Every structure is written in structure tokens, then in C-alpha cells.
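Presented below is the structure to which this report refers.
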Amino acid sequence: MLNEAIRTDIANSVLCWLATVDVDGTPNVSPKEIFAAHGEDRIVVADIASPQSVKNLRANPRACVSFVDVFRQRGFKIVGTASIIAPEEAAFAVVGADLLEMAGADYPIRHVISIKVERVSRIWAPSYRLFPDRTEEERMRAVYANYGVTPVER
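Just so you know, the sequence shown maps onto residues 7 to 160 in the numbering used here.
This is the structure in C-alpha cells:
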């Protein structure tokens, strides 16, 4: 279910947004910097400072994650069911391995939020519809100019 396009956009996205709801149905959306694809059907998100997200998911495991490669102006919305993995659980080190590497020692991970993917929707910026003949390079140049940034070679 997690194809190459999804994995590429995850790798190129700086943040994702995790949406949850509490027991009363009040929505909560929280930005997350440390997230990754895991296996064929899971998105994992680090709980570093997310007590409300974790509380909501324990009461209602339905979740939505969205991420956008801001320079290419595209991304995905993922809907699924979440589970919370605590550090004392054996799965924490395995399922959270990529997250632990990304976070390093400076950002302790309190839980791994593992979301089993059930639905995937593509996110496209309006420019894809308005200017369908633009190349990816043209789109990226326009975004760099709008944001006042210059790409750095890695």
C-alpha cells in the first residue's frame, strides 16, 4: 500500500500533520517532524511532546496523517487506525528504529504512534490543475522564489 511515490514524498516532507479526535469528537491537529514509512502498510510517528494526540488515540484510534513536499507542491493524506507503542514494549525498538535514528539522543521518544494505512489520497497544489504543462523544475523554481530560498546540494 505504501508505494514509491508515498515514500518519496515522506522523505521530502519536513513535517506531517497528525489529526485525531477526543472522546467528545473535538478534533486535534498537531505537526510532527519525526515520521516515516514502516513496512508495506504503516506510517510511524514519534511522540516527543504529543500528550493530547496520544490521549485521543487511546480513546479513539482513528487517525489521519497528511504530508506535503512543499517544494514539489504535492503529498498524501493517509487515513488509518493507530496503535501506541511504549518504550517498554518489545516492538518499540523495531517499529521505531527509523524514528529513533532520526531523533537522536536530543529528542527522547515517549511513544511510537503506528498507523495502519487504510485509505490513501493524493494531495496536489492548485498549480497542477491551473498550470498542467509546467515541469517539476519550473514548479520548484516558482516555490523557491515565493519562499525566498535557494536549494542546497546534499
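By construction, the Cβ of each residue, glycine as well, lies at the ideal position given by its N, Cα and C atoms.
No experiment lies behind these values; they were computed from the predicted model shown.
{"Check": "Taking the straight line between their C-alpha atoms, what separation do you get for L136 and W130?", "Outcome": "11 Å"}
{"Check": "With DSSP collapsed to three states, give me the class of I84.", "Outcome": "strand"}
{"Check": "Would you kindly report the start and end of the unbroken beta strand (DSSP E) that includes P67?", "Outcome": "That residue, P67, is in no beta strand (DSSP E); it is neither H nor E in DSSP."}
{"Check": "What are the start and end residues of the beta strand (DSSP E) that includes V118?", "Outcome": "117-130"}
{"Check": "Spatial neighbours of E142 within its chain, please: C-beta separation below 7 Å, excluding the five flanking residues on both sides.", "Outcome": "R78"}
{"Check": "At the level of alpha carbons, what is the spacing between I90 and V50?", "Outcome": "10 Å"}
{"Check": "Whole angstroms are fine: how far does the CA of S19 sit from the CA of R160?", "Outcome": "15 Å"}
{"Check": "Alpha carbons only, please: which of E144, D104, S127, M108 is nearest the one belonging to Y134?", "Outcome": "E144"}
{"Check": "Measuring alpha carbon to alpha carbon, tell me which residue in M146, P67, V71, V85 is nearest E39.", "Outcome": "V71"}
{"Check": "Is the CB-CB distance between I119 and D53 below 7 Å?", "Outcome": "yes"}
{"Check": "Go through its chain and collect everything with a Cβ distance to W23's Cβ below 8 Å, but skip five positions before and after it.", "Outcome": "V35, S36, P37, K38, V71, S72, F73"}
{"Check": "From P157 to Y150, what does the alpha carbon distance come to, in whole angstroms?", "Outcome": "8 Å"}
{"Check": "How many angstroms separate the CA atom of D112 from the CA atom of L106?", "Outcome": "10 Å"}
{"Check": "Nearest to V126 by alpha carbon, out of P93, N152, G86, A25?", "Outcome": "G86"}
{"Check": "Within the continuous beta strand (DSSP E) that includes T26, where are the two ends?", "Outcome": "22-27"}
{"Check": "Are A92 and L63 closer than 7 Å when you measure CB to CB?", "Outcome": "no"}
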